[in-house]
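In terms of the numbering used here, the sequence shown opens at residue 103 and continues consecutively.
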Amino acid sequence: MLTANSRAAGLTAHVTGTGPSIVFLHSLLSDRGSLEPVVPLLSGDFRLVLLDLPGFGGSPRAPGGLDGQADAIAKAVTEACPGEAPILVGNGYGAFLALATALRHPQLSGGLFLAGCGAAFSEPGRGAFRFMAGKAEESGLEAIAQTAMLRLFPPAMAARVPQIVAERRASFLATDPQVFGEACGLLASLDLRQEARRLPVRLFACVGALDEATPPAMARELADLVPDGTFYEIADCAHVPTLQAPDTVVDLLRRFAAGGVGERAHAEASTRPA
103 MLTANSRAAG LTAHVTGTGP SIVFLHSLLS DRGSLEPVVP LLSGDFRLVL LDLPGFGGSP
163 RAPGGLDGQA DAIAKAVTEA CPGEAPILVG NGYGAFLALA TALRHPQLSG GLFLAGCGAA
223 FSEPGRGAFR FMAGKAEESG LEAIAQTAML RLFPPAMAAR VPQIVAERRA SFLATDPQVF
283 GEACGLLASL DLRQEARRLP VRLFACVGAL DEATPPAMAR ELADLVPDGT FYEIADCAHV
343 PTLQAPDTVV DLLRRFAAGG VGERAHAEAS TRPA
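And the structure:
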């Protein structure tokens, strides 16, 4: 279990491995446990910093909306990785926060590797966050736990990995309902499409082909918006590639860290229907 063993600018983290640093930001519907499968595959060559987002795990909440979240993460990254510009890896909510952080603090990171990402949600997507926030406030997280799990795992996939689904459900139910509601509010109103056009670092936007929480079109749009963006779709994968396709994620992340994957990813993506 990836328990917290470090603290950076107030945020708790699990830090392991040696080499250039990579900072991981988990999703809204999970915690750093969703990153566990990739850790042993990377820790021999990289120093991995798995942060608890503000309000999650042992990390205190950060006031100030999206800018406040980005500032808290930037301070933690700067303290955890002194003298470095690490790759930021984000999944879901963590991907949106990674993007916001890189836009607000352009010298902080050497690149963004985002899974289940985008720059803005469609109106139905915004409505889903408003619905979940309202139900959580009215009846607690238990009332939307099944909805949350379906956003992570399609039914057929969930049937193959019941233990993992049970672990993710328990993690979700441990979330502070107020933090969850605030995050849903941020995502329901978020629109970084204009700002994304000036992103100063490389971006790799990958997505599971079965992801209904952040559909592939969102990642494709983001990759097209930024000056140096790559889109990649992972087959037979949904919203949590680090759990559902860890070997693929590790291969792509290693290539990205080495300065590659752009041509390969674009070539593969170009064979898929738009």
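C-beta: ideal position from N, C-alpha, C; glycine also.
Worksheet entry | Length of the line joining the Cα atoms of glycine 160 and proline 226 | Those two C-alpha atoms are separated by around 33 Å.
Item to complete: Find the nearest neighbour of histidine 128 within the set Ala360, Leu216, Pro318, judged by alpha-carbon distance.
Response: Looking at the Cα atoms, Leu216 is the closest of the given residues.
Practice prompt. Tell me whether arginine 295 sits in a helix, a strand or coil according to DSSP, three-state version.
Written response: Correct three-state label for arginine 295: helix.
Worksheet item: Mind checking whether arginine 149 and threonine 120 have CB atoms under 8 Å apart?
Response: Yes, they are a contact pair.
Worksheet item: Residues bridged to serine 161 by DSSP?
Response: BP columns for serine 161 are empty, so no partner.
Worksheet item: What is the rounded straight-line gap between the Cα of glycine 170 and the Cα of threonine 114?
Response: Cα-Cα distance, rounded: 17 Å.
Item to complete: Out of Ala268, Leu354, Leu292, state which residue places its alpha-carbon closest to the alpha-carbon of leucine 131.
Response: Answer by Cα proximity: Ala268.
Worksheet item: Expressed to the nearest angstrom, what Euclidean distance is found between the alpha-carbon atoms of phenylalanine 282 and glycine 236?
Response: Rounded to the nearest angstrom, the two C-alpha atoms are 11 Å apart.
Worksheet item: DSSP puts glycine 213 in a beta bridge; with which residues?
Response: Beta-bridge pairing links glycine 213 to Ile189.
Worksheet item: At a cut of 8 Å, does the stretch 328 to 335 reach the stretch 286 to 304 through at least three beta carbon pairs?
Response: The stretch 328 to 335 is in contact with the stretch 286 to 304.
Discussion item. Runs of 4 residues minimum, wholly inside the stretch 190 to 271: which ones carry the alpha helix (DSSP H) assignment?
Written reply: The stretch 190 to 271 is shown to contain whole alpha helix (DSSP H) runs of 4 or more residues at 195 to 206, 225 to 241, 247 to 254, 257 to 262, in chain order.
Fill in: Beta-carbon proximity of leucine 327 to tyrosine 195, cut-off 8 Å
Not a contact, by the Cβ cut-off of 8 Å.
Worksheet item: For asparagine 107, which residues from the same chain have a beta carbon less than 7 Å from its beta carbon, with the 5 sequence-adjacent residues on both sides left out?
Response: Correct list, in chain order: His116, Val117.
Worksheet item: Expressed to the nearest angstrom, what Euclidean distance is found between the alpha-carbon atoms of isoleucine 124 and isoleucine 189?
Response: Roughly 5 Å separates the two Cα atoms.
Discussion item. Please return the same chain residues whose Cβ sits closer than 6 Å to the Cβ of serine 372, not counting the five positions on each side in sequence.
Written reply: For serine 372, the pLDDT reaches just 39, beneath the cut-off of 50, and the residue's location in the model is therefore unreliable, although a value from the coordinates is still provided. If we look at serine 372 and ignore the five residues flanking it on each side, it has no Cβ neighbours.
Fill in: As assigned by DSSP and simplified to three states, the class of valine 352
Looking at valine 352 - three-state DSSP - the assignment turns out to be helix.
Practice prompt. Would you decide whether alanine 110 is buried or exposed? Buried here means 16 or more other CB atoms lie within 10 Å of its CB.
Written response: If you draw a 10 Å sphere on the C-beta of alanine 110, you find 16 or more other C-beta atoms in it, and that means buried.
Discussion item. When you compare the CB positions of alanine 202 and arginine 295, do they come within less than 8 Å of one another, or not?
Written reply: Not in contact: alanine 202 and arginine 295 (Cβ atoms no closer than 8 Å).
Worksheet item: Who are the near neighbours of alanine 260 in its chain, counting only those whose CB is closer than 6 Å to its CB and skipping five residues on each side?
Response: Same-chain partners within the cutoff: Val267.
Discussion item. Less than 6 Å between C-beta atoms, sequence neighbours within five positions excluded: which residues of the same chain meet that for proline 165?
Written reply: Closer than 6 Å at the Cβ level, and outside the excluded window around proline 165, lies no residue.
Worksheet item: Candidates Gly361, Met234, Thr180: which alpha carbon is nearest glycine 112's?
Response: Of the listed residues, the one whose Cα sits closest to glycine 112 is Thr180.
Worksheet item: Excluding five sequence neighbours on each side, which residues of the same chain lie with their C-beta closer than 6 Å to the C-beta of arginine 232?
Response: Counting only residues of its own chain and dropping the five nearest sequence neighbours on each side, arginine 232 has a CB closer than 6 Å to the CB of Ala290.
Practice prompt. Count the other CB atoms, across all protein chains shown, that sit within 10 Å of the CB of proline 317; report buried if there are 16 or more and exposed otherwise.
Written response: Only buried fits proline 317, as 16 or more other CB atoms lie within 10 angstroms of its CB.
Worksheet item: Looking at isoleucine 175 and leucine 199, is the spacing between their C-beta atoms short of 8 Å?
Response: With contacts defined as CB atoms closer than 8 Å, leucine 199 and isoleucine 175 qualify as a contacting pair.
Discussion item. If you reduce the DSSP assignment to three classes, tell me which class serine 372 lands in.
Written reply: Residue placement at serine 372 is flagged as unreliable, the pLDDT there being 39, under the threshold of 50; a coordinate-derived value is accordingly withheld.
Fill in: CB contact below 8 Å: glycine 229 versus chain B
This model lacks chain B altogether; it includes just one protein chain.
Worksheet item: Helix, strand or coil: which one does DSSP assign to phenylalanine 282?
Response: Note: phenylalanine 282 maps to helix in three-state DSSP.
Discussion item. According to DSSP, phenylalanine 306 sits in a beta bridge with which residue or residues?
Written reply: Looking at the DSSP output, phenylalanine 306 bridges to Phe215, Thr332.
Item to complete: Evaluate glycine 229 with the Cβ neighbour count: other Cβ atoms within 10 Å of its Cβ, from every protein chain shown; 16 or more gives buried, anything less gives exposed.
Response: Exposed: under 16 other Cβ atoms inside 10 Å.
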